[in-house]
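Undergrad:
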Amino acid sequence: MVNGKLENLENIMKKLFAALLAVFLAFSIAHVSAAAQKKLNVVVTLNYLKYVTEQVGGDKVTVTALANPKQDPHYVTPTPRMNEVTTNADLFIENGLSLDLWAKNVIDASGNPNIGVGNPGHLIATINVPVRELPTEVSRAWGDIHPQGNPHIWLDPLNVRIVAENIAARLQQIDPTNSGYYQQRLDAFKHRLDEKMYGSELLDLLGKKGGDILTRKTKDGELYSWLASRHLDAKLGGWMKMAEPLQGKEIISYHKTYIYFADRFGVKIAGELEEKPGIPPPAKHRDEVVDLVKRDGVKVILNDNFYSTDAADYVASKTGAKVIVTYIDVYSSPEANTYENLITYLLEKILKAAS
Amino acid sequence: MKYFLIAVGMFVCAGTIMAQQSAKDSQADTSETSIQRLRNEVNELRKEIQSLKTDSTTTSLTQVTEDDLDALEDNIDQRMQRLENKVDAVSRASAPIVLNPRMTAFINFAARHDNDTVYDAPGGSVISNRPFLRAVEMELGSAVDPYAEAVAIISLNSDAQQGFSVEAEEAYGLIKRLPILETAPLGLKVKIGRYLAPIGISNITHLHDLPWTTYPLVISKYLGGEHGNFFDSGFNPVGADFQFFLPSPVPSATFEMNADVLRGSELGISAGDPGGQTAYLGHLTLSQDWNNEHLLVLGVSGYTESGITTTNLVGGNLMYKWAPSEQRENHSFVGGGEIFFGDHTTPNPAGGTVTRKPYGWYTFAQYQFSYWTYAGLRYDWVQEPSNAQLVTREISVFVSYYTTEFLRFRLGFEHRTSDALAPNLNNTNSILFGANFVFGSHPVEPYWVNK
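This is how it looks when you write it as structure tokens:
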């Protein structure tokens, strides 16, 4: 019966081509007319970018994140849905630094020419962020290294300030009529981050430029001495105050996820369970970590939620260190439903385990 | 003595001057006023001295700081210059490289052990009990200009026992927009050149990316070339592909269409036919994913060409994939299958025409047991294109071990029965071993399998 139908296939195919051409032309016209007066359609790779874009873009943007916030951001597999969602994007934002390499597949498959590299509709959010761990030798023999440096920049709130500035600048470029709106929301978001970082009392004392001054002093490693010289150290609040008990505390992490976080909050990363990034730890290296944990008295092992806990559990069983399974992206768990809550959640988890 | 006389002389002079001054003052002011005036003058002098001292100190410090700053500035300038020289040297050295295409190389090795003589295809070359360097591929890709990208995949393929052939397995330009059409309605992309035709799910995957050691028999026999499923690389005609999205009939699902115009007589079941007429291909895919964890893909394909000979082919495909977002346990599953119905009419030298209507299908499943290990099976059932009465069946199991996504080893077992072979050769068991090496700037894995 099926074979009988094949005899008319040629005619069917020709008619199908004609019908498709008509549909295509109709949608071309509809597409052009619908382009006017609408919210900016922003597609981002990771969920922290969605959060920041929403904070800056407000009700002038609709933002879609492609990755599931619980997924390993290195290994998101593009699906047809992602490609289709991206087809009508006005702006595509990726983290860059070779973390979300899969973004290129989505951009290519979307057929959206406005979001390709070299267009205003394409933004790498981490431009101007001071990147750490630039490799001196780029080879696959080192594992899944990132040639442009460690990409997990968003776990340092000062870097997210820069990301927000980058996003605001690009929104202002592609939507200049709402430039003032984006600037206002950027300033408000930065102020909220500053309050979380240093506490509102200290910010109020320092006035309008307080956030910028404290940010600069923090980046230069002069925050505590600068506050002491002005007898303001007792006024410090927020995450920086919260993290004081962690100063110099050593932790082990599965992957090099917490480099920026540790640097900002004074935690010392004694080592990683992975011997080489992206490759599960071999037994020999696992035992070396056991020795390290015993020697340095490390109490905490951070294990990203998408990595196996086998190695961490093994080290914990030999040393008594605590394994904490942590989420690293916004919306990944109820405690991390905002960026601010994500950082609070991480600090609380580590503080509790380290105490 | 001489100094003593000079000092006495100066003392006398000074005394004389002071005496004269004192005399004048006494003439003008009272002595009390005079004393006060002198005191004021002394105080003024003291202030001036203090002021000079302060100025002197300030001036001295400023000069020192400026010197330091100058030196520092010089030092920074020199260092900046050295850095600029380095940047310049690197940029000059790498400038010819950065605009080169990104390159990826693939080496695919396979060896087999068989219980009997095995041919690559009926009447072909013996391939049993020997190792093969099946393919060496070089993939080049780059933006051509703001409007297009180009990809070339040059393949050195093993032709069973016949040596190697060099082929442009894929070589196409991908146009996303034009100066006269800045936007792409429905996400239209136009591919022009030679490419793996979008017919089903296996044909668009290169040999080295397959989750099995060999192509499914129906792909090899109906779409592929002359060297059988151990060597073939699918149907890669010359033509133009128009890919775009359509409004989905199912809410939240994605509906994609490929419409192709191709050079005919290159499909497996029509290869070698005279004519070279134009062929048309359409492929519709309906897919849905849930939280990037579950993916379901349904597809239908149709191919037609007519001239001296007529070839029609329709197919359907189904694929389901599960990969949990939190890969703590490193488990995943992928399963599916494809079916194709052929209809091939050729002139009969004895008069009239001869029509063959074979069909074939396969189904597969694969489960990931750990970060490194995947295991699966595949069942093939296919009628010979030249004679639908002859059926080949094959069941295969395989285990794949990945050190990373760039290096894979695979061990498999195949049991095949075929009506197309002589009775003493129609029941074979084979053990297959494969190794796959990928190096260079490999893009992210295709979405439908494994990763």
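Those protein sequence lines, which keep their order, are chains A and B. For the first sequence, the numbering used here begins at 32 and goes up steadily by one. For the second sequence, the numbering used here begins at 1201 and goes up steadily by one. Ideal Cβ positions, reconstructed from N, Cα and C, are used throughout, including at glycine.
Buried or exposed: A:Y370, going by 16 or more other Cβ atoms within 10 Å of its Cβ?
TA: So A:Y370 counts as buried.
Undergrad: Only counting runs of 3 or more residues, tell me where the beta strand (DSSP E) segments fall wholly within the stretch 341-382 of chain A, in order along the chain.
TA: 353-357, all fully within the stretch 341-382 of chain A.
Undergrad: Do three or more CB pairs link the stretch 1567-1585 of chain B to the stretch 271-284 of chain A at distances below 8 Å?
TA: Contact between the stretch 1567-1585 of chain B and the stretch 271-284 of chain A is absent, because fewer than three Cβ pairs lie under 8 Å.
Undergrad: Could one say the Cβ of A:A98 lies closer than 8 Å to chain B's Cβ atoms, at least one of them?
TA: Cβ-Cβ to chain B under 8 Å: yes for A:A98.
Undergrad: Residue range of the beta strand (DSSP E) that A:Y212 falls in?
TA: Counting along the chain, A:Y212 falls outside any beta strand (DSSP E), though it belongs to the alpha helix (DSSP H) covering S210 to Y229.
Undergrad: Could you compute how far the alpha carbon of A:I124 sits from the alpha carbon of A:E168?
TA: So the alpha carbons of these two residues sit roughly 28 Å apart.
Undergrad: Under 9 Å Cβ-Cβ, which residues of chain A neighbour B:G1387?
TA: Result: N114, E115, T117, T118, N119, A140, S141, G142 and N143.
Undergrad: For A:V107, which option in B:K1557, B:I1631, B:T1546 and B:N1492 has the closest C-alpha, if you only look at C-alpha atoms?
TA: Looking at the Cα atoms, B:N1492 is the closest of the given residues.
Undergrad: Skipping 5 residues on each side, what residues in its chain have a beta carbon closer than 6 Å to that of A:K81?
TA: Cβ within range, chain order: V75, V94 and A96.
Undergrad: Which residue or residues does DSSP assign as beta-bridge partners of B:P1331?
TA: B:P1331 pairs with B:A1311.
Undergrad: Nearest-angstrom Cα distance between B:W1572 and B:T1603?
TA: Taking the straight line joining both Cα atoms gives about 6 Å.
Undergrad: Against chain B, with Cβ distances strictly below 8 Å, would A:F123 count as a contact?
TA: With 8 Å as the cut-off, A:F123 does not count as an interface residue toward chain B.
Undergrad: So A:L237 and A:I244 are supposed to be a Cβ contact under 8 Å. How far apart are they, rounded?
TA: Right, their Cβ atoms sit about 6 Å apart.
Undergrad: Would you say B:A1368 lies against chain A (beta-carbon separation less than 8 Å)?
TA: Answer no: the Cβ-Cβ gap between B:A1368 and chain A never drops below 8 Å.
Undergrad: From A:Q179, A:R201, A:D335 and A:I374, pick the residue whose C-alpha is nearest to that of A:F292; which is it?
TA: The candidate whose alpha carbon is nearest that of A:F292 is A:I374.
Undergrad: Would the stretch 1442-1457 of chain B and the stretch 1402-1412 of chain B be scored as touching if the rule is three or more Cβ pairs under 8 Å?
TA: With a cut-off of 8 Å, the stretch 1402-1412 of chain B and the stretch 1442-1457 of chain B do not count as touching, because too few Cβ pairs lie within range.
Undergrad: Given A:T324, which residues of its chain have a CB within under 7 Å of its CB, disregarding the five upstream and five downstream residues?
TA: Correcting the residue type first, residue 324 of chain A is Val in the shown sequence and not Thr. So the qualifying residues of the chain are I283, V346, T350 and A352.
Undergrad: Which residues in chain A have a C-beta closer than 9 Å to the C-beta of B:K1421? List them in chain order.
TA: The premise fails here: B:K1421 is roughly 17 Å from chain A at the closest Cβ pair, so nothing lies under 9 Å.
Undergrad: Could you spell out where the alpha helix (DSSP H) holding A:H105 opens and where it closes?
TA: Here A:H105 belongs to no alpha helix (DSSP H), and DSSP marks it neither H nor E.
Undergrad: Taking Cβ-Cβ distances below 7 Å as the criterion, which residues of the stretch 1337-1361 of chain B are in contact with chain A?
TA: Of all residues in the stretch 1337-1361 of chain B, P1346 have a Cβ within less than 7 Å of some Cβ in chain A.
Undergrad: Suppose you measure from the CA of A:K227 to the CA of A:I381; what does that come to, to the nearest Å?
TA: So the two alpha carbons sit approximately 18 Å from each other.
Undergrad: Excluding the five sequence neighbours on either side, which residues of its own chain have a C-beta within less than 7 Å of the C-beta of A:N114, listed in chain order?
TA: Answer for A:N114: V137, A140 and S141, listed in chain order.
Undergrad: Between the alpha carbons of B:A1311 and B:S1402, how many angstroms are there, rounded?
TA: Rounded to the nearest angstrom, the two C-alpha atoms are 22 Å apart.
Undergrad: Which of the three DSSP states, helix, strand or coil, is assigned to A:R163?
TA: Reduced to three states, the DSSP call for A:R163 is coil.
Undergrad: Start and end of the alpha helix (DSSP H) containing A:K315?
TA: A314 to D327 is the span of the alpha helix (DSSP H), which, as asked, contains A:K315.
Undergrad: Only counting the same chain, and skipping five residues up and downstream in sequence, which positions put a Cβ closer than 6 Å to that of B:T1563?
TA: The answer, listed in chain order, is G1537 and Y1579.
Undergrad: So the alpha helix (DSSP H) A:I193 belongs to, where does it begin and stop?
TA: That run of the alpha helix (DSSP H) goes P188 to I205.
Undergrad: What are the start and end residues of the alpha helix (DSSP H) that includes A:F337?
TA: From DSSP, A:F337 is part of no alpha helix (DSSP H); its letter is neither H nor E.
Undergrad: Do the CB positions of A:Y79 and A:W185 come within less than 8 Å of each other?
TA: Closer than 8 Å, so yes.
Undergrad: Look up B:M1166 in the DSSP assignment and give the residues it is bridged to.
TA: Since the first residue shown for chain B is 1201 and the last is 1651, residue 1166 of chain B is missing from the structure and cannot be characterised.
Undergrad: Please report the Cβ distance between A:V194 and A:L224, rounded to the nearest whole angstrom; I am assuming they are in contact, meaning their Cβ atoms lie under 8 Å.
TA: With 8 Å as the limit, A:V194 and A:L224 do not qualify as a contact, their Cβ atoms being about 11 Å apart.
Undergrad: Quick check on the burial criterion: 16 or more other C-beta atoms within 10 angstroms. Buried or exposed for A:Q278?
TA: Exposed is the call here.
Undergrad: Excluding sequence positions up to five away, which residues of its chain have a Cβ less than 7 Å from the Cβ of A:G242?
TA: Here the set comprises K221, H222, D225 and L234.
Undergrad: Considering only the beta carbon of each residue, do A:V354 and A:N334 sit closer than 8 Å?
TA: Contact: yes.
Undergrad: Report the residues of the stretch 287-311 of chain A with a CB closer than 8 Å to any CB of chain B, ordered along the chain.
TA: Listed by position, the residues of the stretch 287-311 of chain A near chain B (Cβ gap below 8 Å) are G309, I310 and P311.
Undergrad: For B:S1506, which residues in the same chain have their Cβ closer than 8 Å to its Cβ, ignoring the five residues on either side in sequence?
TA: Hits under 8 Å: Q1477.
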